[in-house]
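Here is the structure we will look at.
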Amino acid sequence: MDPSTIGLLGMGLMLLLIFIHVPIGVAMGVAGVATFGLIRGSFGPALSLFGTETISKVASLELSVIPLFLLMGAFATFGGLSADLYRIAYAFIGHVRGGLAVATIGGCAGFGAICGSSIATATTMTRVALPEMMSRNYSERLATGSIAAGGTLGMLIPPSIILVLYGVLTEQFVKTLFVAALIPAVLAVSLHIATILILVRRNPALAPEGDVLPWSEGWKALKNGWAALVLMVVVTGGIYAGIFSVNESAAVGAFMAFLIAVLRRRLTLRGFWNALRDTAATTSMIYLMIIGASIFTYAVTLSGLPEIIVNGIRDTGLPGIWVVLLLMVMYLILGAIFDTISSMVITIPFVFPLILSYGYDPIWWGILTVMVIEIGMITPPIGMNVFVMKAMLPDTKLSTIYAGVGPFILADLVRLGILIAFPALSLVLVDWWALPR
């Protein structure tokens, strides 16, 4: 049988296994071993590949940042640092109309810079910010929409687990990706805040004006929340200033988050155990996907299928910009159906060679991919962040949350268009710092 046909059958097997709810990492690993074994005519080398890839990925220095950043986020969550960041934002901007929603975006951005997870950010801020907004007669649509949309910021703002994963799978420098994400992240926060201000200006009934707090309240919030700000600055600033490597930053951040939570007496023994358990569970899931994706990528590359797909699309004469737009639509759909990591690991073996063949920058493409999957996290008919919020708020209608995220989706699409039209926005700091690419 022709190797490319075997590769196509392997891809079909992977999709079938996913369809019947086999874990995605297992589905990719099984399909990869089967494809490799059929091409070589023996399953001995295929099983040997499985062992080799498992050992190499688990022992990978680049991947060691994932459990460390996850542990930092877990300690920050159980230590209540998200509430500290939210109170700081509220103390200074809560008095303006829609200020609590704006503070929520600020809190999501700050906590996202600590935990690097979209769902964790949305979950935590639902507990922290939603009761405050509802008690002050905010529209439920605006309140839930701002939290769900703000939660997606955790995916782009460094340290981002998904950017680490993209860097490992495509062999790009993680620090370069973190720097490239800075301007798009600032643009995302700015557009989300602008969206809220426009909404409440057009319809003041969505949010009342808040009380002007004395400066003493602002200083009190800073005094109580300074540790969260220091953690954020040390972790991200240490990377950008060249003081830490990404791995060292992750280790320092995890230790600092633990120390802050303990010294403030917010981390109980149960919380400590839950933080370790959650980190281990999430790390295992991510590593399983990475191992499966590595085996599958190796097998389909051996089959020549990615090269055939690339040549077939190039032969159509389709301009590169149309290929980018079509891939954006594909990722938007995948982001609405699958979780972020799954959307990326399933498609990289086929999409990444195609993008390189058109001469696009892999760093720019990584930022663009994360952004569009991030939009998919709040896009109907599913949207993972929306469903996470719905699970936490059984009395809230799903349609209310979808209506709330609608304006933010439009703002995100504008941001996506800006980054496609002006790629330099994600690369200017990379070039300025002369980072490796």
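Numbering of the sequence shown is given in the numbering used here, commencing with residue 54 and proceeding in unit increments.
Backbone N, C-alpha and C fix where the C-beta goes; we use that ideal spot for every residue, glycine too.
Here the structure is a predicted model, which means the values were calculated and not measured.
Query	Result
Which value, in whole angstroms, describes the spacing of the CA atoms of arginine 317 and asparagine 256?	41 Å
Should threonine 58 be labelled buried (16 or more other beta-carbon atoms within 10 Å of its own) or exposed?	exposed
Alpha helix (DSSP H) containing lysine 110: first to last residue?	96 to 111
Nearest-angstrom Cα distance between alanine 356 and aspartate 137?	Residue 356 is actually serine in this sequence, not alanine. For serine 356 and aspartate 137, the distance between alpha carbons rounds to 52 Å.
Hey, out of Val155, Tyr411, Ala352, whose CA is closest to valine 363's CA?	Tyr411
For the alpha helix (DSSP H) that contains proline 237, what are its first and last residues?	235 to 255
Identify, in the order they occur along the chain, each residue of the same chain with its Cβ nearer than 6 Å to the Cβ of phenylalanine 311, setting aside the five sequence neighbours on each side.	Phe128
How would you write the range of the alpha helix (DSSP H) that aspartate 414 sits in, first residue to last?	Here aspartate 414 belongs to no alpha helix (DSSP H), and DSSP marks it neither H nor E.
What three-state label does DSSP hand glutamate 262 in the structure shown?	coil
Determine the contact status of tyrosine 340 and lysine 110, defining contact as a CB-CB distance below 8 Å.	yes
With distances taken Cα to Cα, identify the nearest neighbour of leucine 378 among Gly198, Thr369, Gly470.	Gly470
If we count Cβ pairs, one from each stretch, closer than 8 Å, do we get three or more for the region 240 to 250 versus the region 187 to 204?	yes
Could you tell me the alpha carbon to alpha carbon distance between alanine 346 and methionine 81, rounded to whole angstroms?	6 Å
Measure the Cβ-Cβ separation of alanine 258 and isoleucine 416 and say whether it is below 8 Å.	no
Three Cβ pairs or more, each shorter than 8 Å: is that satisfied between the region 104 to 124 and the region 136 to 156?	no
Pop quiz: isoleucine 408 and tryptophan 418 are said to be a contact at Cβ under 8 Å. What is the actual Cβ separation, rounded to whole angstroms?	5 Å
Short check: CB of serine 425 to CB of valine 439, under 8 Å?	In the sequence on display, residue 425 carries valine and not serine. In this structure, valine 439 does not lie closer than 8 Å to valine 425 by Cβ.
What span of residues does the alpha helix (DSSP H) with arginine 323 cover, start to end?	322 to 356
Quick check: proline 211 and threonine 105, are their CB atoms within less than 8 Å of each other?	no
Please report the distance separating the alpha-carbon of glycine 370 from that of threonine 205.	35 Å
Hey, would you say valine 423 sits closer than 8 Å to isoleucine 167, going by beta carbons?	no
Round the Cβ separation of alanine 201 and isoleucine 454 to the nearest angstrom and send it over; I've been treating them as touching at under 8 Å.	6 Å
Just how far apart, CA to CA, sit phenylalanine 96 and glycine 90?	4 Å
Buried or exposed: serine 452, going by 16 or more other Cβ atoms within 10 Å of its Cβ?	exposed
Any idea what DSSP makes of glycine 295, helix, strand or coil?	coil
What separation, rounded to the nearest whole angstrom, lies between the Cα atoms of proline 489 and glycine 295?	13 Å
Between the beta-carbon of tyrosine 139 and the beta-carbon of alanine 112, is there less than 8 Å?	no
With distances taken Cα to Cα, identify the nearest neighbour of proline 406 among Trp375, Ile374, Leu358.	Leu358
Measuring CA to CA, which of Met125, Trp486, Ser170, Leu472 is closest to valine 239?	Leu472
How is tryptophan 502 classed by DSSP in three states: helix, strand or coil?	The requested residue 502 is not part of the displayed model; the chain covers only 54 to 490.
Let me know the secondary structure DSSP gives glycine 220 once reduced to three states.	helix
Excluding the five sequence neighbours on either side, which residues of its own chain have a C-beta within less than 8 Å of the C-beta of threonine 332, listed in chain order?	Pro120, Leu123, Leu124, Ala127
Thinking just about the alpha-carbon of each residue, which of Thr229, Leu70, Pro447 is nearest to the one in tryptophan 485?	Thr229
Quick check: the Cα distance between leucine 69 and leucine 209, rounded to an integer number of angstroms?	31 Å
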